[in-house]
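Residue numbers (the numbering used here): 292 to 611.
Glycine residues also receive a C-beta, built at the ideal position from the N, C-alpha and C atoms.
Predicted, not measured: the structure shown is a model, and the values here were computed from it.
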């Protein structure tokens, strides 16, 4: 039954009931109206209005749920669907909306994957140029400054040595940026070594107490999955440094059933009600790329916990 006929039928039932009561009930209307008759009529009208409102509320409830979902749906939190009951017009509308969400989530995941892969390729290119071009040029400048300082006399020698030290610090900063753009240790030594290096570097540059709990007994992971785990850990630590006002942060990675769980937990001010920024939205997009679940919630004691749960497909052993 379509929405039109459903609402029409509800109103017809109410009005038909009222007409039947007027025809067959022992109720009359005098002129002028007697108080008891007015009470009966007003009471009947109130009953009709309440019954009509209740029936309309029941009939339009699916549309209200659809409106709320349309206002709050987020493609970075997939799986939000409305239950479908019956075969009327409202049910068909909900089915069409659910199918549209399915298509949009698929298209969003595909476009995000292309964008993130292009971003990683650009990061590798920039890191390579920083290492090969800028790094080598600064190394050459450093060597020239050293030779000039060795031949110079005071006070010029001290100034050249100071310039040499500044150049050396700048070279280290360029190398650090290149490592952040392209985690070569991830490709060379694996995920655990890369996360250990990331945590050590983060603690050195922020002064925060970084605790690591990284299990070495991880199941085999695809290269794309390892990169997403690394990038989300990197972005989580960056958010702690920028926004959390924390003193301590814990980076954990361990296997659990058919999943691998990564957490970044701090003792800062907590997530609060602030709107998610580009960093967290980027983490959600990366989680979608590998079908993982990202949850950001208050930590058990204080602060914020970022939890990424990655499903792991366990391959059955092959038999001859």
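From which residue to which residue does the beta strand (DSSP E) around residue 515 run?
-> Walking along the chain shown from the start, residue 515 turns up at place 224. Premise fails: residue 515 lies in the alpha helix (DSSP H), 514–530, not in any beta strand (DSSP E).
Can you say whether residue 355 is buried or exposed, counting buried as having 16 or more other CB atoms within 10 angstroms of its CB?
-> On the chain shown, residue 355 is found 64 positions in, with the first residue counted as 1. With fewer than 16 other Cβ atoms within 10 Å, it is exposed.
With a 10 Å radius around its C-beta and 16 neighbouring C-beta atoms as the bar for buried, classify residue 575 as buried or exposed.
-> Looking up residue 575 in the chain shown gives position 284. Label assigned to residue 575: buried.
With residue 335 and residue 360 assumed to form a contact (beta carbons below 8 Å), what rounded beta-carbon distance in angstroms separates them?
-> Numbered from its first residue, the chain shown carries residue 335 at position 44. Numbered from its first residue, the chain shown carries residue 360 at position 69. Rounded, the Cβ-Cβ distance is 38 Å, inconsistent with contact.
Does the beta-carbon of residue 525 have 16 or more other beta-carbons within 10 angstroms, so that it is buried, or is it exposed?
-> Looking up residue 525 in the chain shown gives position 234. Residue environment analysis places residue 525 among the buried positions, since at least 16 neighbouring C-beta atoms fall within 10 angstroms of its C-beta.
How many Å lie between residue 603 and residue 513 at the Cα?
-> Indexing the chain shown from 1 puts residue 603 at position 312. Indexing the chain shown from 1 puts residue 513 at position 222. So the two alpha carbons sit approximately 9 Å from each other.
Three-state secondary structure assigned by DSSP to residue 270 | As displayed, the chain neither begins before 292 nor continues past 611, which places residue 270 out of reach and without an answer.
Span of the alpha helix (DSSP H), counted from its first residue to its last, around residue 581 | For this step, residue 581 is matched to residue 290 along the chain shown. Element bounds for residue 581: n/a, residue is neither H nor E.
Please list the segments of the alpha helix (DSSP H) lying wholly inside the region 371–449, counting only runs of 4 or more residues, in order along the chain.
-> 380–420 and 426–442
Do residue 415 and residue 466 have their C-beta atoms closer together than 8 Å?
-> Residue numbering aside, residue 415 sits at position 124 when the chain shown is read from its first letter. Residue numbering aside, residue 466 sits at position 175 when the chain shown is read from its first letter. Against a cut-off of 8 Å, the Cβ pair of residue 466 and residue 415 comes out as no contact.
Short Cβ contact (8 Å threshold) for residue 543 with residue 529 = In the chain shown, the residue the question calls residue 543 occupies position 252. In the chain shown, the residue the question calls residue 529 occupies position 238. Against a cut-off of 8 Å, the Cβ pair of residue 529 and residue 543 comes out as no contact.
Going straight from the alpha carbon of residue 261 to that of residue 339, what length do you get?
-> The displayed coordinates of the chain run from 292 to 611. Any statement about residue 261 would go beyond what the structure contains.
DSSP beta-bridge partners for residue 550?
-> Counted from its first residue, the chain shown places residue 550 at position 259. Beta-bridge partners of residue 550 (DSSP): 547 and 602.
Work out the CA separation of residue 596 and residue 607 for me, nearest whole Å.
-> Here residue 607 is taken as the residue at index 316 of the chain shown, counted from 1. Here residue 596 is taken as the residue at index 305 of the chain shown, counted from 1. Annotation note: pLDDT 38 at residue 607 (below 50); position unreliable, no value reported.
Beta-carbon proximity check, residue 535 vs residue 498, cutoff 8 Å = Taking the first residue of the chain shown as 1, we reach residue 535 at position 244. Taking the first residue of the chain shown as 1, we reach residue 498 at position 207. Cβ distance not < 8 Å, so residue 535 and residue 498 don't count as in contact.
Any contact of the region 425–434 with the region 447–466, i.e. 3+ C-beta pairs under 8 Å?
-> yes
CA-to-CA distance, residue 405 to residue 560, given in whole angstroms = For the purposes of this step, residue 560 is identified with residue 269 of the chain shown, where counting begins at 1. For the purposes of this step, residue 405 is identified with residue 114 of the chain shown, where counting begins at 1. If you draw a straight line from the Cα of residue 560 to the Cα of residue 405, it is about 35 Å long.
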